[in-house]
Amino acid sequence: MRRIRWQSMRRVVTLVAVAVTTMTLACCGVLPTASASAHVKAPARTAIHRVVAFRVDRVHAGTVAVPDGHPTLVYFMSAQCGSCVAGEQQLAELRHRMPQAMHLVSLDVAPGYDTPAMVLAMAREVGAHWPQAYASQSVINRYHITALDEVVIMNAEGRVIYDAGLPSDARILQLVHKAV
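First residue of the sequence shown? That's 0 in numbering that gives the first Met the number 0, and the numbers climb one at a time after it.
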């Protein structure tokens with residue numbers, strides 16, 4: 000009898016572990032979702048287009064406007080996503096190699112889950128010393144954000160030159176220099 004209970008318990012624990020892992024990977028944009036799959040078949044998002052100006056609330060106080068007359072990198076993330084934290088750290092480490100004119104803004108797409116304290120603690124931990132704000136639904140829709148770790152890079156005139164997943168260090172620097 001104990002053996003049957005043990006085997007049943009192991010099955011339940013295994014199923015729960017698989018479910019949690021799958022949900023975590025889907026939330027961090029690693030696994031494709033139905034909307035992400037449809038998005039892949041859509042025209043390339045890297046096509047040059049004009050930014051519609053937007054203003055979003057910072058997590059601690061005030062607002063941030065994009066574009067603001069400077070070249071800007073916008074990073075769509077969540078403070079509870081492991082790959083997003085790594086992406087913030089990647090950008091923080093690259094920041095000193097970017098031109099001074101380049102502005103960075105991180106937009107948390109999960110304001111219902113990520114509290115301001117969580118977002119600010121994550122930014123402080125990785126050295127992300129730029130505005131952390133909450134993405135509005137209209138901004139998420141405008142950029143067709145279907146996964147985390149998405150990046151939009153625009154020049155000072157608001158022309159988008161990159162709109163896709165977080166690229167490599169070398170590619171980020173190349174795009175940032177092109178935007179300036």
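Beta carbons: idealized from backbone N, C-alpha and C, even for Gly.
Span of the beta strand (DSSP E), counted from its first residue to its last, around residue i
{"i": "Val58", "result": "Premise fails: Val58 is in no beta strand (DSSP E) and is neither H nor E."}
{"i": "His102", "result": "His102 to Asp107"}
{"i": "Gln131", "result": "Gln131 to Tyr133"}
Proximity to residue i [Cα-Cα], best of the options
{"i": "Ile64", "options": "Val138, Gln79 and Gln89", "result": "In the sequence as presented, Ile is not what sits at residue 64; that position holds Ala. When each option's Cα is compared against that of Ala64, the closest is Val138."}
{"i": "Met76", "options": "Asp113, Val175 and His69", "result": "Asp113"}
{"i": "Gln89", "options": "His176, Lys177, Ala169 and Ala178", "result": "Ala169"}
{"i": "Ala81", "options": "Asp148, Leu172, Tyr74 and Ile144", "result": "According to the sequence provided, residue 81 is Gly. The question's Ala does not apply to it. Checking every option, the nearest Cα to that of Gly81 belongs to Asp148."}
{"i": "Ala127", "options": "Thr145, Pro110, Ala109 and Leu93", "result": "Leu93"}
{"i": "Ala132", "options": "Gly68, Gln173, Pro166 and Gly111", "result": "Gly111"}
{"i": "Trp129", "options": "Ile144, Pro66, Val73 and Met153", "result": "Val73"}
Range of the contiguous alpha helix (DSSP H) that encloses residue i
{"i": "Val125", "result": "Pro115 to Val125"}
{"i": "Ile152", "result": "It is not in any alpha helix (DSSP H) - Ile152 instead sits in the beta strand (DSSP E) that spans Glu149 to Met153."}
{"i": "Leu165", "result": "First-last for Leu165: undefined, no H or E at that position."}
Cα-Cα separation, residue i to residue j
{"i": "Pro98", "j": "Gln136", "result": "30 Å"}
{"i": "Gly157", "j": "Val104", "result": "14 Å"}
{"i": "Asp162", "j": "Ala155", "result": "16 Å"}
{"i": "Asn181", "j": "Ala134", "result": "Given that the chain is displayed from residue 0 to residue 179, the structure contains no residue 181 and the question cannot be resolved."}
{"i": "Val179", "j": "Arg96", "result": "13 Å"}
{"i": "His59", "j": "Met117", "result": "11 Å"}
{"i": "Glu124", "j": "Val150", "result": "21 Å"}
{"i": "Pro115", "j": "Ala109", "result": "11 Å"}
{"i": "Asp56", "j": "Leu106", "result": "10 Å"}
{"i": "Arg54", "j": "Ser167", "result": "28 Å"}
Cβ neighbour criterion (16 or more within 10 Å) applied to residue i
{"i": "Glu87", "result": "buried"}
{"i": "Thr71", "result": "buried"}
{"i": "His102", "result": "buried"}
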